[in-house]
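Novice: One structure, as C-alpha cells, below. Some questions next.
There are 2 protein chains.
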Amino acid sequence: MVKYKDNEYRCSIELTLKLIGGKWKVLILWYLGEKNMRFGELKRALPQITQKMLTKQLRELEEDGIVNRFVHHQVPPKVEYSLSEMGKSLLPILSTLSEWGTFYAEQAESNY
Amino acid sequence: MVKYKDNEYRCSIELTLKLIGGKWKVLILWYLGEKNMRFGELKRALPQITQKMLTKQLRELEEDGIVNRFVHHQVPPKVEYSLSEMGKSLLPILSTLSEWGTFYAEQAESNY
DNA sequence: CGGTATCCAGTATGATACTG
DNA sequence: CAGTATCATACTGGATACCG
Chain A
1 MVKYKDNEYR
11 CSIELTLKLI
21 GGKWKVLILW
31 YLGEKNMRFG
41 ELKRALPQIT
51 QKMLTKQLRE
61 LEEDGIVNRF
71 VHHQVPPKVE
81 YSLSEMGKSL
91 LPILSTLSEW
101 GTFYAEQAES
111 NY
Chain B
1 MVKYKDNEYR
11 CSIELTLKLI
21 GGKWKVLILW
31 YLGEKNMRFG
41 ELKRALPQIT
51 QKMLTKQLRE
61 LEEDGIVNRF
71 VHHQVPPKVE
81 YSLSEMGKSL
91 LPILSTLSEW
101 GTFYAEQAES
111 NY
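Quick note, the sequences are listed as chains A and B, same order. 1 is the number of the first residue of the first sequence in full-length UniProt numbering; add one for each residue after it. 1 is the number of the first residue of the second sequence in full-length UniProt numbering; add one for each residue after it.
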C-alpha cells in the first residue's frame with residue numbers, strides 16, 4: 001500500500017502508472033529527455049495536442065516533481081520545461097516499456 | 001508509430017500502457033505471476049473489485065494474449081487463469097515499475 | 001461458480017474562444 | 001507566447017439484478 005497526495009494505491013506500480021499515464025505524458029517526457037523545450041516548441045512537436053491538454057499535463061508533471069518549469073520574466077513570455085532528476089530517472093524505464101511494446105506489436109502482428 | 005487493433009499509437013510505450021493500464025490489471029498480473037488462479041480465487045484476492053470489472057479486465061488481458069483462460073467443462077464450472085508467455089515477459093517490467101514507484105513515494109514523502 | 005445485462009456517475013479529453 | 005475559461009463528449013469504472 002502506497003500513499004501519495006490523499007490517494008491510496010494498492011501497489012506502487014499503480015502510483016507509477018498514475019504519474020505517467022496521462023494521454024500525452026510519455027511523449028512529453030520523451031521529448032524533454034532529449035532537450036529542454038519551451039511551451040510552443042512542445043506544442044509544435046505534438047501537433048495533435050490542444051493547448052489545454054499540454055498545459056494540464058505539464059502542470060501535473062510539474063506538481064508531481066517530474067518536470068521543472070522555468071519562467072523567464074520578459075515580453076513576450078518565455079517558459080522553459082526540463083526534466084527534474086526524478087524525471088530523468090524515468091527515462092530508462094520508458095525505454096524498457098518502449099522495447100516491450102515494440103516486441104509485443106511484432107508478435108501480435110505475426111499472429112494474424 | 002505502432003498499430004494494434006485499429007488503434008494507432010504514437011509510440012510503443014502508449015501501447016504498453018494501454019495493455020496494462022486498466023485499473024486492476026497490474027494486480028491481476030501480479031497474482032497470476034505467483035500461481036494460476038480460478039475466477040473466484042482472484043475475486044477473493046481483490047476484495048474491492050466487482051464481478052463485472054474482474055470479468056472485463058480478464059477478458060481484455062485474454063484478448064490481448066497476456067493471460068490464458070482455461071475452462072474445465074464440469075458442474076459446477078471451473079475457470080482457470082494463467083499468464084501466457086507474453087504475460088510472463090511483463091513480470092520483470094512490473095518489478096521495475098514497482099521499484100521506481102516505491103523510490104518515488106519515499107522521495108516525495110521526505111520532501112514534506 | 002462464473003458469469004451477463006442495464007443503468008449511471010465521475011473523470012479524462014477535446015473544441016473553441018478569449019487574454020496579460 | 002503561453003496561457004484560461006467554458007462547454008461538450010467519450011471513456012472508465014461501479015451498483016445492482018439476473019442467468020446457465
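Backbone N, C-alpha and C fix where the C-beta goes; we use that ideal spot for every residue, glycine too.
Please report whether the beta-carbon of tyrosine 31 of chain A lies at a distance below 7 Å from any beta-carbon of chain B.
Specialist: Your numbering for residue 31 of chain A matches position 31 in the first sequence. Judged by the 7 Å Cβ criterion, tyrosine 31 of chain A is not in contact with chain B.
Novice: Could you spell out the range, first to last residue, of the alpha helix (DSSP H) harbouring arginine 44 of chain A?
Specialist: Within the first sequence, residue 44 of chain A is the residue found at index 44, counting from 1. From DSSP, the alpha helix (DSSP H) with arginine 44 of chain A extends over 39-45.
Novice: Taking 7 Å as the CB-CB cut-off, is alanine 45 of chain B touching chain A?
Specialist: Within the second sequence, the letter at position 45 stands for residue 45 of chain B. No, alanine 45 of chain B does not count as interfacial toward chain A.
Novice: Taking a contact to mean a Cβ-Cβ separation below 7 Å, would you say valine 2 of chain A touches leucine 15 of chain A in this structure?
Specialist: One-based indexing of the first sequence puts residue 2 of chain A at position 2. One-based indexing of the first sequence puts residue 15 of chain A at position 15. Result yes, Cβ atoms of valine 2 of chain A and leucine 15 of chain A sit closer than 7 Å.
Novice: Have a look at leucine 97 of chain B and valine 26 of chain B and give me their C-alpha separation to the nearest angstrom.
Specialist: Here residue 97 of chain B is taken as the residue at index 97 of the second sequence, counted from 1. Here residue 26 of chain B is taken as the residue at index 26 of the second sequence, counted from 1. Using only the alpha carbons, I get a separation of about 10 Å.
Novice: Can you list, in chain order, the residues of its chain whose CB lies under 6 Å from that of glutamate 62 of chain B, leaving out five sequence neighbours each side?
Specialist: As a first step, residue 62 of chain B must be located in the second sequence, where it is residue number 62. The answer, listed in chain order, is Arg69.
Novice: Spatial neighbours of glycine 87 of chain B within its chain, please: C-beta separation below 6 Å, excluding the five flanking residues on both sides.
Specialist: The residue you call residue 87 of chain B lines up with position 87 of the second sequence. Ile66 and Val67.
Novice: In the DSSP assignment, find the unbroken beta strand (DSSP E) run with lysine 78 of chain B in it and report its ends.
Specialist: The residue you call residue 78 of chain B lines up with position 78 of the second sequence. Note, lysine 78 of chain B: beta strand (DSSP E), 78-83.
Novice: Are the CB atoms of isoleucine 13 of chain A and leucine 94 of chain B within a distance shorter than 7 Å?
Specialist: Along the second sequence, one-based indexing puts residue 94 of chain B at 94. Along the first sequence, one-based indexing puts residue 13 of chain A at 13. Yes; because the gap between Cβ atoms is below 7 Å, this pair is in contact.
Novice: Determine the direct distance from the alpha carbon of phenylalanine 39 of chain A to that of asparagine 36 of chain B, and round the result to whole angstroms.
Specialist: Translated into the one-based positions of the second sequence, residue 36 of chain B becomes position 36. Translated into the one-based positions of the first sequence, residue 39 of chain A becomes position 39. Each residue's Cα considered, the two are about 48 Å apart.
Novice: My assumption, with CB atoms under 8 Å, is that serine 82 of chain B sits in contact with leucine 32 of chain B. Please give the rounded CB distance.
Specialist: Residue numbering aside, residue 82 of chain B sits at position 82 when the second sequence is read from its first letter. Residue numbering aside, residue 32 of chain B sits at position 32 when the second sequence is read from its first letter. Serine 82 of chain B to leucine 32 of chain B, Cβ: 6 Å. Contact.
Novice: Evaluate glutamine 107 of chain A with the Cβ neighbour count: other Cβ atoms within 10 Å of its Cβ, from every protein chain shown; 16 or more gives buried, anything less gives exposed.
Specialist: The residue labelled residue 107 of chain A in the question sits at position 107 within the first sequence. With fewer than 16 Cβ atoms within 10 Å of its Cβ, glutamine 107 of chain A is classed as exposed.
Novice: Could you pull out every residue in the same chain whose Cβ sits closer than 6 Å to the Cβ of valine 71 of chain B, ignoring the five residues on either side in sequence?
Specialist: In the second sequence, residue 71 of chain B corresponds to position 71, counting from 1. Closer than 6 Å at the Cβ level, and outside the excluded window around valine 71 of chain B, lie Val79.
Novice: Please report how far the alpha carbon of serine 84 of chain B lies from the alpha carbon of proline 92 of chain A, in whole angstroms.
Specialist: As a working mapping, residue 84 of chain B is identified with position 84 in the second sequence. As a working mapping, residue 92 of chain A is identified with position 92 in the first sequence. Distance between the alpha carbons of serine 84 of chain B and proline 92 of chain A: 25 Å.
Novice: Report yes if the C-beta distance between glycine 22 of chain A and glutamine 51 of chain A is below 7 Å; otherwise report no.
Specialist: Start at 1 with the first residue of the first sequence, and residue 22 of chain A comes out as number 22. Start at 1 with the first residue of the first sequence, and residue 51 of chain A comes out as number 51. Cβ atoms of glycine 22 of chain A and glutamine 51 of chain A: not closer than 7 Å.
Novice: Out of B:Tyr104, B:Arg59 and B:His73, which has the shortest C-alpha to C-alpha gap to leucine 19 of chain B?
Specialist: The residue given as residue 19 of chain B occupies position 19 in the second sequence. Looking at the Cα atoms, B:Arg59 is the closest of the given residues.
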